[in-house]
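Trainee:
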């Protein structure tokens, strides 16, 4: 069924009262179930599980993975199957929309765990108690929710802003429930089959799962005399090196440095293949360019020149040169420069994101009667809620992280302005430039207080979290508006989603990244590992270190690389603007390739290349290949990510239990 919408002329000439009355009379489905017990519970569980996979992938790549359309497909398939079996009634289209709103909110609320909050712990060397993480995440996300209510009336009711991601979700929902439902079941099966295959592979490369199967279930150690647990090596080149070590085979080096020290390994990580498919060939290629330049050229050269050297730990242990040491000692600086400068230029080069936001409105601002007051979230909730939650957010930031209360307080006006810009960006492009906006706050607050790293990290973290919640809530409301849902229900659902993401992921954060040793002691030294590189946290830490220490302590080669990176980032981003996004490289992605493990970067590029090639091969709509590789790209990638991530999380849990 075609979705009803206003014409461009009506959007430009009608008052908001006329638009609201038209929507109420033609689109609103007031008697249809929306936020029900089952939709709330389904969204809570789906959101919690999918947010856990997002935390897992974010810690590996620094990239947030959206879960909106994945939750739509899963919820549709689940209740359609149950309805066909006569167990329950089928989901309504608005129940599914509310489920995806909850799941989406849970997915992005945990971003600070693998970025700013992880950076704070590493910089300060202090572990933040779990309950403080939960309270801070919830309070700060609630500020974003409170800000979203009045903005909804401007961006959605009045401006009829596109919100492309939200609109796509509404179109998918409409097609599932009023069009070809079989296509939705096909995508659900595709996701399920791929997830099962990815999970099986992940189990075969996981020591925990293999211990459970071989030692506990099959008891091969008892009746077959098994001496060592067998598992498939994820690093495929390990088999070659095992042979080379015994037979004296050739070991590849670059300028005398073993490529294994540079992190250049051949790894088959199916989750990274899925991430690459979602990011696309242009971004994946940019990441690969950054990795090749850094680990294939600059790092070996800096090792030869002595700017990257083996380091001695506090206990006297010599730490050999490895990928992490290369990044921390030298590469981080030019990589962060590429990301920060690229993000800022990308933001400033798009005046449409902030131009006109603060101008006095024209005819479309005429309010007239508030005809939706009985279903909208009352504005008094925001008028009271924003000041109250903002003061509470500033206080918990002060109390939990040692940020002076006045600094947390004066950062709020800047945060609100940046949130408005981020929301406008989401409305136009489905992209929130949190990287650039948070760095604006970080540098501003850092100029005020250089002595305390938390004084720049935590206000910047507030910027990212508040902007994400405000913008994504409005993007979630967009499909509800298209389909005739109640805004209040989606707002409540958003808060439920925040709770789900926090409840699932904070305990998981401690399990994966802060495991207790044999004495029950946790250390921030376990946050950065070969498995979880935490590239987003590295970026935040790099900026904080730069603010605290300045440039004087960096080697001259690092300063030169930063200057070159800054100029290159400006040129690349201006070329992207000139060619309207068709220029093949991204400065931000190149910088990301510097801090990511190169083995992951290469695997993501392989995934992106695979889907790009299959997309070119199967261009014709309606063919089987197009249906699988083009229309099914997101379900396949979601299946790869979910299957591998959930089994990886399970592996960590099993290793703790069997320790």
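Numbering (the numbering used here), first residue to last: 407 to 1065.
The C-beta atom is built at its ideal place from N, Cα and C for all residues, glycine as well.
Of all the options 735, 671 and 633, which has the alpha carbon lying nearest to the alpha carbon of residue 1003?
Mentor: Out of 735, 671 and 633, 671 has the C-alpha closest to the C-alpha of residue 1003.
Trainee: Can you name the residues that DSSP bridges to residue 724?
Mentor: Answer by DSSP bridge pairing, in chain order: 718.
Trainee: Within the continuous alpha helix (DSSP H) that includes residue 941, where are the two ends?
Mentor: Looking at the DSSP string, the run of the alpha helix (DSSP H) that includes residue 941 is 941 to 955.
Trainee: Strictly by DSSP, which residues pair up with residue 660?
Mentor: DSSP, once it has assigned bridges, lists 663 as partnering residue 660.
Trainee: Count the other CB atoms, across all protein chains shown, that sit within 10 Å of the CB of residue 573; report buried if there are 16 or more and exposed otherwise.
Mentor: Residue 573 comes out buried.
Trainee: Spatial neighbours of residue 904 within its chain, please: C-beta separation below 8 Å, excluding the five flanking residues on both sides.
Mentor: Closer than 8 Å at Cβ, skipping near neighbours: 511, 512, 515, 543, 544, 547, 548, 551 and 875.
Trainee: Can we say the stretch 978 to 989 touches the stretch 736 to 755, given the rule of at least three CB pairs closer than 8 Å?
Mentor: The stretch 978 to 989 is in contact with the stretch 736 to 755.
Trainee: Alpha carbon to alpha carbon, how far is residue 722 from residue 853?
Mentor: Whole-angstrom Cα-Cα distance: 36 Å.
Trainee: If I follow the unbroken alpha helix (DSSP H) through residue 737, where does it start and stop?
Mentor: No alpha helix (DSSP H) holds residue 737; DSSP gives it neither H nor E.
Trainee: Would you call the stretch 888 to 905 and the stretch 773 to 792 in contact, with 3 or more CB pairs under 8 Å?
Mentor: Yes, since at least three Cβ pairs between the stretch 888 to 905 and the stretch 773 to 792 fall closer than 8 Å, the two stretches touch.
Trainee: From the DSSP output, in three-state form, read off residue 622 for me.
Mentor: Looking at residue 622 - three-state DSSP - the assignment turns out to be helix.
Trainee: Going by DSSP, what residues sit across from residue 673 in a beta bridge?
Mentor: Its beta-bridge partners are 641.
Trainee: According to DSSP, is residue 580 helix, strand or coil?
Mentor: Looking at residue 580 - three-state DSSP - the assignment turns out to be helix.
Trainee: Buried or exposed: where does residue 985 fall if 16 or more other Cβ atoms within 10 Å of its Cβ makes it buried?
Mentor: Result: exposed.
Trainee: Assuming residue 1018 is part of the alpha helix (DSSP H), what are its boundary residues?
Mentor: It spans 1004 to 1023 - the alpha helix (DSSP H) in which residue 1018 sits, taken as one unbroken run.
Trainee: Go through the stretch 509 to 548 residue by residue and report every complete run of the alpha helix (DSSP H) that reaches 4 residues or more, in order.
Mentor: Fully enclosed alpha helix (DSSP H) runs of 4 or longer: 522 to 530.
Trainee: Who are the near neighbours of residue 963 in its chain, counting only those whose CB is closer than 8 Å to its CB and skipping five residues on each side?
Mentor: These residues qualify, in order along the chain: 708, 711, 713 and 736.
Trainee: So, residue 733 versus residue 944, is the Cβ gap smaller than 8 Å?
Mentor: Cβ distance < 8 Å, so residue 733 and residue 944 count as in contact.
Trainee: Measure the alpha-carbon distance for residue 864 versus residue 841 and round it to whole angstroms.
Mentor: In a straight line, the C-alpha of residue 864 is about 14 Å away from that of residue 841.
Trainee: Given 8 Å as the limit, is there contact between the stretch 460 to 479 and the stretch 939 to 958, that is, 3 or more CB pairs closer than that?
Mentor: Contact holds: three or more Cβ-Cβ distances are below 8 Å.
Trainee: For the stretch 765 to 843, which segments carrying the beta strand (DSSP E) assignment without a break, of at least 3 residues, lie completely within its bounds, in sequence order?
Mentor: If we require 3 residues or more, the stretch 765 to 843 turns out to have no beta strand (DSSP E) run fully inside it.
Trainee: Can you find the residues in the same chain that come closer than 8 Å, C-beta to C-beta, to residue 1054, ignoring five residues on each side of it along the sequence?
Mentor: So the qualifying residues of the chain are 462, 608, 612 and 677.
Trainee: Could you tell me the distance, in whole angstroms, from the CA atom of residue 359 to the CA atom of residue 503?
Mentor: Nothing can be reported for residue 359: it is not among the residues displayed for the chain, which extend from 407 to 1065.
Trainee: Going straight from the alpha carbon of residue 932 to that of residue 777, what length do you get?
Mentor: Computed Cα separation, rounded: 55 Å.
Trainee: With residue 1027 and residue 740 assumed to form a contact (beta carbons below 8 Å), what rounded beta-carbon distance in angstroms separates them?
Mentor: With 8 Å as the limit, residue 1027 and residue 740 do not qualify as a contact, their Cβ atoms being about 44 Å apart.
Trainee: Comparing alpha-carbon positions, which option in 1032, 843 and 1017 lies nearest residue 684?
Mentor: Residue 1017 is the option with its Cα nearest to residue 684.
Trainee: Can you grab the Cα-Cα spacing for the pair residue 470 / residue 422, in whole Å?
Mentor: Going from the Cα of residue 470 to the Cα of residue 422 covers about 35 Å.
Trainee: Return helix, strand or coil for residue 437, following the three-state DSSP convention.
Mentor: Residue 437 falls in the coil class under three-state DSSP.
Trainee: So for residue 569, helix, strand or coil by DSSP?
Mentor: Residue 569 falls in the coil class under three-state DSSP.
Trainee: Inspect the beta-carbon positions of residue 832 and residue 880 and report whether they are closer than 8 Å.
Mentor: It is a contact, given that the beta carbons lie within the stated cut-off.
Trainee: Using the C-alpha atoms, what's the distance from residue 641 back to residue 616?
Mentor: Distance between the alpha carbons of residue 616 and residue 641: 17 Å.
Trainee: Roughly how many angstroms lie between the CA atoms of residue 696 and residue 688, to the nearest whole one?
Mentor: When rounded, the distance between both Cα atoms is 13 Å.
Trainee: With distances taken between CB atoms, is the gap from residue 890 to residue 434 smaller than 8 Å?
Mentor: Cβ atoms of residue 890 and residue 434: closer than 8 Å.
Trainee: Below 8 Å on the Cβ atoms is my contact criterion, and I expect residue 851 with residue 813 to pass it. Report the Cβ-Cβ distance as a whole number of Å.
Mentor: Confirmed, about 6 Å.
Trainee: Is DSSP giving residue 420 helix, strand or coil here?
Mentor: In the structure shown, residue 420 sits in coil (DSSP, three-state: anything other than H, G, I, E or B).
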